[in-house]
């Protein structure tokens, strides 16, 4: 599969390395070239592209035309929302995933057809589950 | 009208000031405390300090009763999200965005922003109008069906000089609306004869612009 990832932070880079290791064709975009040095390892065989992710030309250079998946994982919700919708409406990428820290924006962009991941709700829910389990144990133990 | 202006930079400030002058109800949303205080000192209590990309800020601003929400921050992605939140979450009447990069016009239009204003394009057009020569200048791009209002001065070598409007052989989907001859406006009829030096205002389909340009400039 051809995958384009926007944002070479911890999440973007980790995903890029994992998909690259599985033999997928991966491009990763970041506006800061230092990000590649910092988070990618030397065995990464994909393409690293410096540029702004809300620019159609940068996305085209990263091979978004004909890509199977686009992942927007910068630390800015609005950049992810806009880049995700460019991928969806201009490049017609079949699967677009965007990270949203803000649960309200997560809800909005889910409603307009992006697949979203919200670390805020996922993290809070997971911690709550752990606490619930602990309390249930305490109750059971008397 | 109730107008929410997101972004209290130069554009937002002057827009709010002029709307207030026309007796509209205006609220500016500005993130930066110092900037917000400075505007409030100047225009009165018409400033809400906060991030207009947050649902809670738009809710506090009363976005659901806004007739117009205008997003004029310096970041296109923020302007887009503000417009989409205002429209989809609050059903604001009309959403208008400033775009800083003209390339973003297409995606803004695709995503339901009612009006996208590119300051870069406006400045370019203004400058072009001041340049000498006979280039066709785009005055206004109309939203409906790729129509443009353009202006040109007839060059001495233009094939149109000496011909009537009816006999001019204008490209399809274009028409002459107004002539400025020696500074005087003339509404052209099919019998009007065109002369070198006439300033012509024409309506054209985007696709006919090039043919029209060649004809007018000569």
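Protein chains in written order, with the numbering used here: chain A, 8 to 149; chain B, 9 to 226. Glycine residues also receive a C-beta, built at the ideal position from the N, C-alpha and C atoms.
Integer Cβ distance of residue i from residue j, believed to fall under 8 Å
i: residue 66 (chain B); j: residue 98 (chain B); result: 6 Å
i: residue 106 (chain B); j: residue 127 (chain B); result: 6 Å
i: residue 75 (chain A); j: residue 137 (chain A); result: Contact doesn't hold; Cβ gap of about 35 Å is too wide.
i: residue 6 (chain B); j: residue 221 (chain B); result: The question about residue 6 (chain B) has no answer, for chain B in this structure spans 9 to 226.
Chain B contact residues for residue i, given Cβ-Cβ distances below 8 Å
i: residue 88 (chain A); result: 85, 88, 89, 92
i: residue 85 (chain A); result: 61, 83, 85, 86, 88, 89
Bridge partners - residue i, DSSP secondary structure assignment
i: residue 172 (chain B); result: B:201
i: residue 127 (chain A); result: Beta-bridge pairing links residue 127 (chain A) to no other residue.
i: residue 55 (chain A); result: A:35
i: residue 22 (chain B); result: Residue 22 (chain B) pairs with nothing; no bridge assigned.
i: residue 94 (chain B); result: According to DSSP, residue 94 (chain B) bridges with nothing at all.
i: residue 38 (chain B); result: B:57
i: residue 33 (chain B); result: B:10
i: residue 192 (chain B); result: B:189
i: residue 79 (chain B); result: B:14, B:105
i: residue 122 (chain A); result: A:104
Collapsed DSSP secondary structure at residue i in the structure displayed
i: residue 38 (chain A); result: coil
i: residue 44 (chain B); result: helix
i: residue 102 (chain A); result: strand
i: residue 114 (chain A); result: helix
i: residue 81 (chain A); result: coil
i: residue 131 (chain B); result: helix
i: residue 108 (chain A); result: coil
i: residue 110 (chain B); result: helix
i: residue 48 (chain A); result: coil
i: residue 11 (chain A); result: strand
i: residue 184 (chain B); result: strand
Proximal chain A residues relative to residue i, where beta-carbon distance stays under 7 Å
i: residue 115 (chain B); result: 92, 93, 96, 97
i: residue 118 (chain B); result: 96
7 Å Cβ cut-off: residues of chain B touching residue i
i: residue 38 (chain A); result: None at all; the shortest Cβ gap to chain B is about 12 Å.
i: residue 106 (chain A); result: Correct list: empty, because the minimum Cβ distance to chain B is about 14 Å.
i: residue 111 (chain A); result: 63
Contact set between residue i and chain B, taken where Cβ atoms lie within less than 9 Å
i: residue 62 (chain A); result: 109, 111, 112
Chain A contact residues for residue i, given Cβ-Cβ distances below 9 Å
i: residue 96 (chain B); result: 115, 118, 119
### Message
Check whether the region 67-81 of chain B and the region 9-24 of chain B touch, using three or more Cβ-Cβ pairs below 8 Å as the test.
### Response
yes
Flag this pair as touching only if the region 200-212 of chain B and the region 165-180 of chain B have three or more C-beta atom pairs under 8 Å; answer yes or no. Touching, yes.
Three or more beta-carbon pairs under 8 Å between the region 35-49 of chain B and the region 77-93 of chain A, yes or no?
Taking 8 Å as the limit for Cβ pairs, the verdict is that the region 77-93 of chain A does not touch the region 35-49 of chain B.
Is there contact here, the region 49-60 of chain B with the region 110-123 of chain A, by at least three beta-carbon pairs under 8 Å? no
- Query: Is there contact between the region 73-81 of chain A and the region 41-57 of chain A, where contact requires at least three CB pairs shorter than 8 Å?
  - Reply: no
* **Segment contact, 8 Å Cβ cut-off, at least three pairs: the region 26-35 of chain A with the region 88-100 of chain A** => No, they do not touch.
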